[in-house]
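Here is the structure we will look at, set down as structure tokens.
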Amino acid sequence: MIGYEINDSAVIASLDARGARAHGELRASIGRLALKLSVMVKRDKLSGQVLGVKTGRLRRSVHDAVADVGDNIEGVVSTNVGYGIGWELGWPGGGSPKQSLNTAKAKFSPSSGGDSFKNGTPKKRSFLRTALKDLEGSGAIRAELNEAAARIAR
């Protein structure tokens, strides 16, 4: 005769191990998605489609990170360049409103030979949020998380 004895500590240890494995798989999947989004922003949005970066400073400033925030795992793709915020959210952006508006008018006025904009203020050209929408629309996020769930279930 074959018999098994399962006590509370064995069940708890088994569930803890499965929970840690699930957390690790999900964290790795979120990391892959953040990296994929970062590459998409740099390659597709900043190098031509949206902004046509000339110097590369904004492209180099885009970075990705994964963090545990409470019970959540967050993937973050962001930039710390002030004018990147202006392009993403619309001007004036970065710095105080008056300062950034004056800077925008000085740098981007039609008389400076820069890009042409209405009333001397550049229009919003989102590169982070549109890349996230494109990634979501491609089904890559759902596919990656479904694969992670399948790996956890094994």
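In my numbering, the protein residues as written are 2 to 155.
Note that beta-carbon positions come from the ideal geometry of N, C-alpha and C, so glycine has one too.
When DSSP labels each residue in this structure, what does residue i get in the three-state scheme?
i, result
"Val40", "helix"
"Gly71", "coil"
"Ser30", "helix"
"Gly138", "helix"
"Ser10", "helix"
"Asp116", "Residue placement at Asp116 cannot be trusted, given a pLDDT of 48 that sits under 50; the coordinates are not used to answer."
"Ser79", "strand"
Note down the Cα distance separating residue i from residue j, rounded to an integer number of angstroms.
i, j, result
"Ala11", "Gly20", "14 angstroms"
"Val40", "Val78", "10 angstroms"
"Arg84", "Lys134", "It should be noted that the sequence gives Tyr, not Arg, for residue 84. Each residue's Cα considered, the two are about 22 angstroms apart."
"Arg33", "Val67", "10 angstroms"
"Arg130", "Glu89", "8 angstroms"
"Leu136", "Ala18", "32 angstroms"
"Ser139", "Ile74", "22 angstroms"
"Gly49", "Asp9", "59 angstroms"
"Asp65", "Gly76", "7 angstroms"
"Asn81", "Leu52", "17 angstroms"
"Arg155", "Asp45", "36 angstroms"
"Gly71", "Ala23", "16 angstroms"
Shortest alpha-carbon distance to residue i belongs to which of the options?
i, options, result
"Ile142", "Leu36, Arg22, Asp9, His24", "Leu36"
"Glu148", "Arg22, Leu27, Val78, Asp9", "Leu27"
"Leu38", "Phe128, Asp72, Trp88", "Phe128"
"Asp69", "Val82, Thr56, Arg152, Gly25", "Gly25"
"Gly91", "Gly49, Ala132, Arg155, Arg126", "Arg126"
"Val63", "Ala132, Asp72, Arg22", "Ala132"
For residue i versus residue j, is the C-beta distance shorter than 7 angstroms?
i, j, result
"Glu145", "Ser15", "no"
Just to confirm my understanding: we take residue i, look at its own chain, exclude 5 residues before and 5 after, and list those with CB closer than 6 angstroms. What are they?
i, result
"Arg152", "Glu26"
Within its chain, find whatever has a CB closer than 7 angstroms to the CB of residue i; leave out the 5 residues flanking it on each side and keep chain order.
i, result
"Arg58", "Val82"
Among the residues of its own chain, which have a CB less than 8 angstroms from the CB of residue i, if the five just before and after it don't count?
i, result
"Thr56", "none"
"Ala150", "none"
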